[in-house]
């Protein structure tokens with residue numbers, strides 16, 4: 001189903017004022033507060049009407065959800081709903097890059113001079129995005145692309161390539177919005193917001209997968225790590241908790257991944273940045289900013 005963008009069309013000066021005000025607010029605390037509200041258990045009798053209002057309001061296609069509405073115990077459970085099995089198709093061969101999410105294509109191109117394009121006239125540092133100069137240098141001259149997830153999209157992130165995870169990193173930061181207006185007007189947005197990232201080593205070389213947090217809930221959970229800093233018995237690593245410092249985790253043995261394995265989840269929409277080393281297959285020529293992409297859709301030629 002093709003749903004139009006619902007980003008409010010405000011003048012640039014208005015967006016700068018709004019985003020400037022947000023940058024002065026305690027986004028982490030506010031997002032955690034919203035997260036606590038989203039985690040409130042809903043009585044079975046109200047789940048369908050309450051979640052149905054939310055779904056209609058943002059344009060979610062309920063026919064794709066794995067479960068009926070009354071089986072989601074909270075708004076957060078519904079945010080991270082799974083899709084019905086088999087509803088998305090993946091490439092049969094593993095030496096390709098596939099979309100890790102449903103979303104809207106953002107900027108794409110070649111990492112040049114250590115920088116990638118955020119929006120027209122705006123660049124950001126790959127080293128600051130990844131939190132590591134040496135890691136960033138591996139992607140110099142390689143392809144990058146960004147995919148935006150709105151509240152209507154499926155929120156789980158899957159492996160865009162087959163391989164193994166040797167290292168993952170959490171970089172606390174701001175939780176500013178990542179919609180089209182914010183991307184256009186906030187300098188270095190992706191490298192300033194909170195990030196959870198991993199590197200997948202496999203047939204494509206190294207693939208960087210960066211999940212960028214955003215305002216409202218702001219949590220990112222990692223399905224590939226069942227022990228590191230897990231806040232409870234949920235079995236997943238979760239960001240946007242007070243007191244967390246930047247952290248890097250090395251895996252020995254590395255974590256094996258097949259193409260399409262579940263990798264992370266956004267607890268509300270945000271953005272994924274993918275990075276490829278030079279020598280990897282080129283991105284498809286027909287990929288353009290603003291076009292919808294589907295989970296499992298082939299991204300390389």
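Numbering (our numbering), first residue to last: 1 to 301. Glycine residues also receive a C-beta, built at the ideal position from the N, C-alpha and C atoms.
Asked                                                                                                                                                                                    : Found
Starting from residue 253, follow the beta strand (DSSP E) in both directions and report where the run begins and ends.                                                                  : 247 to 257
Between the C-alpha atoms of residue 147 and residue 80, what's the straight-line distance to the nearest angstrom?                                                                      : 17 Å
Following the continuous beta strand (DSSP E) through residue 266, name the residue where it begins and the one where it ends.                                                           : 262 to 266
What number of angstroms, rounded off, separates the C-alpha of residue 4 from the C-alpha of residue 179?                                                                               : A caution first: residue 4 carries a pLDDT of 32, below 50, which makes its placement in the model unreliable, though a value can still be read off. Taking the straight line joining both Cα atoms gives about 14 Å.
Extract the residue ranges of the alpha helix (DSSP H) inside the region 137 to 203, only unbroken runs of 4 or more that lie entirely within it.                                        : 180 to 185, 189 to 192
For my contact list, residue 124 and residue 116 are in at a C-beta cut-off of 8 Å; report their separation, rounded to the angstrom.                                                    : 6 Å
Are the beta-carbon atoms of residue 66 and residue 83 separated by less than 8 Å?                                                                                                       : yes
Nearest to residue 91 by CA position, among 212, 43, 260, 49, is which residue?                                                                                                          : 260
Determine the extent of the alpha helix (DSSP H) in which residue 131 is found, giving its start and end residues.                                                                       : Careful: residue 131 lies outside any alpha helix (DSSP H) and carries neither H nor E.
Taking a contact to mean a Cβ-Cβ separation below 8 Å, would you say residue 304 touches residue 301 in this structure?                                                                  : For residue 304 there is no data in the structure shown, the boundaries of the chain being 1 and 301.
Based on Cα-Cα distance, which residue from 71, 104, 134, 210 lies nearest to residue 198?                                                                                               : 210
Kindly list the residues whose CB is nearer than 8 Å to the CB of residue 282, restricted to its own chain and excluding five residues on each side of it in sequence; keep chain order. : 143, 300, 301
Three-state secondary structure (DSSP) at residue 211?                                                                                                                                   : strand
For residue 125, list the residues DSSP reports as bridge partners.                                                                                                                      : 115
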